[in-house]
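Student: Residue numbers (our numbering): 46 to 300. C-beta atoms are modelled at their ideal positions from N, C-alpha and C, and glycine is treated no differently. The structure presented is a predicted model; accordingly, all values stated were derived computationally and were not measured. Before anything else, here's the structure in question.
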DNA sequence: ATGGTCGTCTAACGA
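Shown next, in the form of structure tokens:
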């Protein structure tokens, strides 16, 4: 089973890239973030034509998440973290082939100390509490998406320049570590432990060409799943296309 | 150098 996550930064703009990538990569499951499309306008038919069924929760202009599945059914879909009503569409979970798949688009946080930063930490707190319960119900679980957190200095092209900045600050890293401590493995880190790999590069200053990136998109796996994890990598190819997303897809293969 | 580029809409805002 091949599982992937990709922040596409507008599904409308990126649909040709996505369809092309689905054809070449053939993931069984794909988690999308920043679809930026309301549910009535979600491009369900082109994805069906590409061989994928989907569930999605979107809004105008901002955010929006979706889960795509090849052949297998998406069951027990939830789009809210229990007990936390968030008007922003950043969360969708479903059970696919007996595995609980949790797709998250964690708030960016804007700037350390800002109101948006507090919202981010609060959001992560609610996610943690929900996962704590959920992992007991579903031993086979993946939590994947755009976490907007670079867990360690090694995940940043210039750690000193980013020290204590948003995406890299201690409160964010602590929140990430706390989630890992539920018994989740950071698949990309485990399989690329000696390679510095990034998943996001700012559009500005030729950051991609100069590989000035951060590793902020993650696939976290419960122990039961991780035992069967065969590989995890970043696919840089879509980031090199014309009008790319600022994020590259992360792909994990499970036995 | 405190900017820069996208996507949303067509003025700023968010990332």
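In angstroms with no decimal places, state the Cα-to-Cα distance between residue 92 and residue 173.
Tutor: Stepping through the first chain from its first residue, residue 92 is reached at position 47. Stepping through the first chain from its first residue, residue 173 is reached at position 128. So the alpha carbons of these two residues sit roughly 32 Å apart.
Student: Does the beta-carbon of residue 107 have 16 or more other beta-carbons within 10 angstroms, so that it is buried, or is it exposed?
Tutor: Start at 1 with the first residue of the first chain, and residue 107 comes out as number 62. With fewer than 16 other Cβ atoms within 10 Å, it is exposed.
Student: Tell me which residue opens and which closes the beta strand (DSSP E) that residue 150 is part of.
Tutor: On the first chain, residue 150 is found 105 positions in, with the first residue counted as 1. That run of the beta strand (DSSP E) goes 144-150.
Student: Judging by CA-CA distance, which residue of 182, 192, 185, 244 is the nearest neighbour of residue 170?
Tutor: Position 125 of the first chain, counting from 1, holds the residue named residue 170. Ranking 182, 192, 185, 244 by Cα distance to residue 170 puts 192 first.
Student: Counting Cβ pairs closer than 8 Å, one from the stretch 121-128 and one from the stretch 51-60, do we hit at least three?
Tutor: Verdict: no, contact absent.
Student: Compute the distance between the beta-carbons of residue 46 and residue 236, then report whether it is under 8 Å.
Tutor: Taking the first chain and counting its residues from 1, one reaches residue 46 at position 1. Taking the first chain and counting its residues from 1, one reaches residue 236 at position 191. In this structure, residue 236 does not lie closer than 8 Å to residue 46 by Cβ.
Student: Would you call the CB atoms of residue 48 and residue 72 closer than 8 Å?
Tutor: On the first chain, position 3 is the one that residue 48 refers to. On the first chain, position 27 is the one that residue 72 refers to. Taking 8 Å as the Cβ cut-off, residue 48 and residue 72 qualify as a contacting pair.
Student: In this structure, how does DSSP classify residue 232 when only helix, strand and coil are distinguished?
Tutor: Residue 232 sits at position 187 when you count from the first residue of the first chain. Correct three-state label for residue 232: helix.
Student: Between residue 165 and the rest of its own chain, which residues show a CB-CB distance below 6 Å, the 5 nearest in sequence each way excluded?
Tutor: Counted from its first residue, the first chain places residue 165 at position 120. Closer than 6 Å at the Cβ level, and outside the excluded window around residue 165, lie 152, 154.
Student: Just verifying my parser: in three-state terms, what is the DSSP assignment at residue 135?
Tutor: Locating residue 135 in the first chain gives position 90, where the first residue counts as 1. The answer is coil: DSSP assigns residue 135 none of H, G, I, E or B.
Student: Using the three-state DSSP reduction, which class does residue 297 fall into: helix, strand or coil?
Tutor: Locating residue 297 in the first chain gives position 252, where the first residue counts as 1. The answer is strand: DSSP assigns residue 297 an E or B state.
Student: Please list, in chain order, all residues of the same chain as residue 228 whose beta carbon is under 8 Å from its beta carbon, the five residues on each side excluded.
Tutor: Taking the first residue of the first chain as position 1, residue 228 is located at position 183. Correct list, in chain order: 180, 267, 268.
Student: Once the 5 residues before and after residue 156 are set aside, which same chain residues still bring their CB inside 7 Å of it?
Tutor: Position 111 of the first chain holds residue 156. 162, 211, listed in sequence order.
Student: Checking the sheet assignment: what are the DSSP bridge partners for residue 110?
Tutor: Looking up residue 110 in the first chain gives position 65. Answer is 78, 102, bridged to residue 110.
Student: Assuming contact is defined by CB atoms lying nearer than 8 Å, are residue 264 and residue 182 in contact in what I supplied?
Tutor: Residue numbering aside, residue 264 sits at position 219 when the first chain is read from its first letter. Residue numbering aside, residue 182 sits at position 137 when the first chain is read from its first letter. Result no, Cβ atoms of residue 264 and residue 182 do not sit closer than 8 Å.
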